[in-house]
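Scroll down for the structure; my scribbles are underneath it.
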Amino acid sequence: MTATRVRELLLGTWRGRFGIAVIGLFTFLAIFGSLIAPYDPEASSLDVLEAPSWDHWLGTTESGADVFSQVLVGTRVSMIVGFAAAVISALLGSIVGLAGGYFGGWTDRILDSFENWFLVLPTLPLMIVLARILNPSLIVLIAVIGLTSWAGTGRIVRAQVLTLRERAFVERARAIGAGDTYIIKTHILPNTLPLIFANTVLIVAVAILSEAALSFLGLGDPTRISWGTMLENAFSSGAPSAGAWWYVIPPGLCITVLVLGVALIGFLFEEYVNPRLQEIAS
Amino acid sequence: MSESLMEVRDVAVEFRVRGSTARALDGVSLEWRPGEILGVVGESGCGKSTLARAMMALQETARGEIAIDGAAVGDRGGRRELRRRIQMIFQDPYQTLNPRQRVGAIVTEPLRVQAVDPSVHAERVERAMRDVGLDPDRHLDRYPHQLSGGQRQRVAIAAALVLEPDGLICDEPVSMLDASVRAQILNVLVALQKQRGLALIFITHDLSLAWMLCDRIAVMYLGRIVEEGRAVDVIERPQHPYTQALVTAIPVPAAGGGGRRELLKGELPDPTAVPSGCRFHPRCPRRFEPCDSVDPGLLEAGASGQRAACLLHDPAAVAASGRGRAA
Amino acid sequence: MSSLLEVEDLRVVHGDRPIVDGVDLRLDAGEALGLAGESGCGKTTTALALMKLLPAALSQSGAITLRPKGAEEPINIGRRTEAGMRVVRWRHVSLVFQGAMNSLDPVKRIDDQIGEAIALHAKGGAAAIAARVEELLDTVGLPASVGRRYPHQLSGGQRQRVMIALALACGPSLVIADEPTTALDVVMQAQVLQLLERLRKELGLALILISHDMGVLAETCDRIAVMYAGRIVEVGAVDAVFAAPQHPYTKRLLDSLPVIGGERGLAAPIPGSPPDPGGPPPGCRFHPRCPYRAERCVIDPALREVRPGQLSACHYAPWDSWPELTAPAAGGEVVS
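Protein chains in written order, with the working numbering: chain A, 322 to 603; chain B, 4 to 330; chain C, 3 to 338.
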């Protein structure tokens, strides 16, 4: 993946531009959200479940807090959990896939069974169970999501490493006396990174969605505001039946748009990486 | 100190395939002399590539040993020495270079891996590039995908040259290249042999090529050498029925073509089921009684230095069978 | 007697880059024509163009007329639509693709694949098709048991024969074989060539054999056409062309071929490389690399008859003998 090609993809396609804009916007909000927010998101007031007005652009919650401020601050949780969980997932998956694919033999068999086990487990139930057992916090959330999604990356990485291992340039490296560490570092990893990257971006999307789902189910960090907890509060306080659309739609919309933006970038890279894989293979 | 650069001593390589054992190499002994161009020819599946990899210690052997300058290569130190002195060129130029490395890094890599003194790197790289006909200023910064097949193969050769090896094992170095590019690469290799005194092994299924370039040729069949000798003798006056069949199968690019020929029937047997006795006997048009039970070694046949693993060259076997005519 | 295939001024372009630049061919029924040249010269593109199988990015023009057995009217391939071509392909002219061994569907059995081809053009129940499949396998020298196998269970030579059987499935008058022996060993190659020769005689098949290996073409073909950079530079009977080539490129190709029993040693390679289709040299496309080049070479040469039955696109043909060259550069040339 050359820098120019990446720039072309990101800026030259509408998907790329949309994705970059979305991620850029939400990153900005994640960092500066609490500074921009007009109100303290947790401050309650007497204006309960008020429709949007000049004072409160997106209305208020059941405890009188400003919805708009909550949405801004909630961005941080989604972004942090999303990216951190994806990074953990990528690291774990890559290490396992690399080790199994490169060393083969019993290492591979053990790691592969381990991986298969995680692949087969239904992720949402597993996440729910784990989140229930462990005390809910951001770290736990990140760990849970990371642990349940690494196997997919592992699989892909292992397959790629298996093919790379047999390539002539790897044999050549062995023929000049290179050791395993060197070969992995110089030959295997650089040819696997584009794949890992493309896959990880998609995992970010999944992680953001998973965080929202878990928070919505009440398994998130109760001390933090996130879009998922907003939805949970909205539903448990009867906002939908009260017609308080301003409470339900903004967080839902944010989740949707962010996930869409990330997913579009992810698909873009995946498409790009795949034909290149075929070029290497042909 | 022995006269040979490298000796293969009764090497066997086995693979487990679905429960049975495939004998990819079944007792191969070979001698490679300094500065010599040795050809290893045979159909695909005969074990020639496996032999190359065994000679480079890239493949574990079930028995036998490889020796450099007479000393067997056993341990790590021996392998390191081997890899400094013998290098290998692979068949597919499109797979032989890491697509993420620039040419400069590719050609310098062997020097770094073998911890050669960094002060000589630049000079060796430049000399190697020029020796293969690539202008260093134009190419060192490029990526493989910017090069043609012929150029990629040249880069691979340059990378092999920087360690200043004594021998180069070339596994089908030109079979995936176009006719005119083929000629260019072959010229490079032959020039290297003259200029640097490099010994070469050419592994190929193209007998005409082997005939044209090599000093000596070894013909392989199903994991064994069945004939060896000087290139002109082996190809122009083959002594083993298999070699004879290969040679007659070569299309003749001249008016009138090759004319009527008796072609070898059937296919190479599966290496898990090597025929008893002489492994070629089921397909051999000249087999006689002892061939299905006696496994011949390489016997003297034809010109001096030429040997063939065929009982037709064993006077005792021929006499015993009552077959009047020898090969 | 009119010929089986007549091609006039075939051109294939990729945008504004010519890949095939004015090719004329003629083939009689039962004749074998060899198309020689290095990769990139346009031979495969020509083959695909004859069957209108070019990818969408390429466009072709030129008259292609086919007069196969079993067709009342001559078929004007040049003007046929895709739907019109479906009736022609495989029934009258078929193709053995390059890299044929990888063109078989890996998840279907052999007899299903051949049967599929038959069913496209012939009517008949399963039994009739199965019988024909067995017949075809037998024709190419494969036992009927091969039918029930999958491609990965067959050797390279066997897969090549299956491809030939596939090409024969609907009884065409012309088979185009694109590098049919390139990936095969010398023994398998000889077997396949012998097969093609036998089929030609038994079935009266016409053959266009494409190969960069002149030896292969000498074996099987009656006539040979040599292509360079999208144009035909020489055509003639195989014996004549090999004995007395009339174009410097043909001569260089022949010179670089080893002839066992003759002189050993590498011929010097032709310097340089084939021109970029986007910017071909003026006049004769080969002249920048030609050791015999002279003034007239910058003018576009025409393919004309220089000896009875032999055409050449060299201004200075006929060449009754080839002058000695001073020793050309050895392999140490610096390549750009």
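Using N, Cα and C, we set each Cβ at its ideal position, and we do this for glycine too.
Proximity of residue 214(C) to chain B, defined by a Cβ-Cβ separation below 8 Å, is satisfied. Taking 8 Å as the threshold, the shortest C-beta distance from residue 181(B) to chain C falls below it. Along the stretch 193–212 of chain B, none of the residues has a CB nearer than 8 Å to a CB of chain A.
The C-beta separation of residue 31(C) from residue 52(C) comes to about 16 Å, leaving the pair out of contact by the 8 Å criterion. Taking C-alpha positions only, residue 67(B) is separated from residue 502(A) by approximately 29 Å. The C-beta distance from residue 219(B) to residue 234(B) rounds to 6 Å, short enough to fall under 8 Å. Going by DSSP, residue 23(C) is part of the beta strand (DSSP E) stretching over 19–29. Beta-bridge annotation (DSSP): residue 205(B) is paired with 42(B) and 173(B). For the pair residue 343(A) and residue 582(A), the CB atoms are nearer than the 8 Å cut-off. Under the three-pair Cβ rule at 8 Å, the stretch 119–136 of chain C does not count as touching the stretch 192–210 of chain C. DSSP places residue 567(A) within a helical segment (H, G or I) once states are collapsed to three. In this model, residue 313(C) and residue 250(B) are separated by some 33 Å (Cα to Cα). Pairing residue 316(B) with residue 303(B), the inter-Cα distance amounts to about 7 Å. Taking the Cα positions, residue 389(A) is about 15 Å away from residue 549(A). Closer than 8 Å at the C-beta level to chain B, one finds these residues of the stretch 252–274 of chain C: 255, 256, 258, 259, 260, 261, 262, 263, 266, 267, 268, 269, 270, 271 and 272. Neighbours of residue 99(B) in chain A, taken as residues at a C-beta separation under 8 Å, are given in chain order as 489, 490 and 493. For residue 9(B), the enclosing beta strand (DSSP E) begins and ends at 9–20.
DSSP, read as helix, strand or coil, puts residue 363(A) in coil. Judged by DSSP in its simplified three-state form, residue 321(C) adopts coil rather than helix or strand.
DSSP places residue 381(A) in the strand class (E or B) of the three-state scheme.
Exclusion of the five residues before and after residue 538(A) leaves 449 as the residues of its chain whose Cβ lies within less than 7 Å of its Cβ.
Taking C-beta atoms as the reference points, residue 268(C) and residue 216(B) count as a pair closer than 8 Å.
Residue 93(B) has a beta carbon lying within less than 8 Å of a beta carbon in chain A.
The C-beta of residue 155(C) has fewer than 16 other C-beta atoms within 10 Å across all chains shown, which makes the residue exposed.
Residues of the stretch 26–52 of chain B with a C-beta less than 7 Å from any C-beta of chain C: 46 and 47, listed in chain order.
Exclusion of the five residues before and after residue 308(C) leaves 248, 314, 319 and 320 as the residues of its chain whose Cβ lies within less than 6 Å of its Cβ.
DSSP lists no bridge partner for residue 134(C). When the five nearest sequence neighbours on each side are left out, the beta carbons in the same chain lying within less than 7 Å of the beta carbon of residue 35(B) are those of 7, 8, 9, 41, 170, 202 and 204, in order along the chain.
Under the 10 Å beta carbon count, residue 198(B) is surrounded by fewer than 16 other beta carbons and is classified as exposed. Listed along chain B are 46, 208, 209, 210, 249, 252 and 253, each with a C-beta nearer than 8 Å to that of residue 188(C).
Each residue's CA atom was taken as its position, placing residue 323(B) and residue 262(C) some 36 Å apart. Taking 8 Å as the threshold, the shortest C-beta distance from residue 186(B) to chain C falls below it.
Non-local beta-carbon contacts of residue 60(B) in its own chain, meaning distances under 6 Å to residues more than five positions away in sequence, involve 82 and 85 in chain order. Interface annotation, residue 498(A): in contact with chain B, CB-CB separation under 8 Å. Residue pairing from DSSP places residue 387(A) in a beta bridge opposite 381(A).
By DSSP's assignment, residue 31(B) forms a beta bridge with 14(B).
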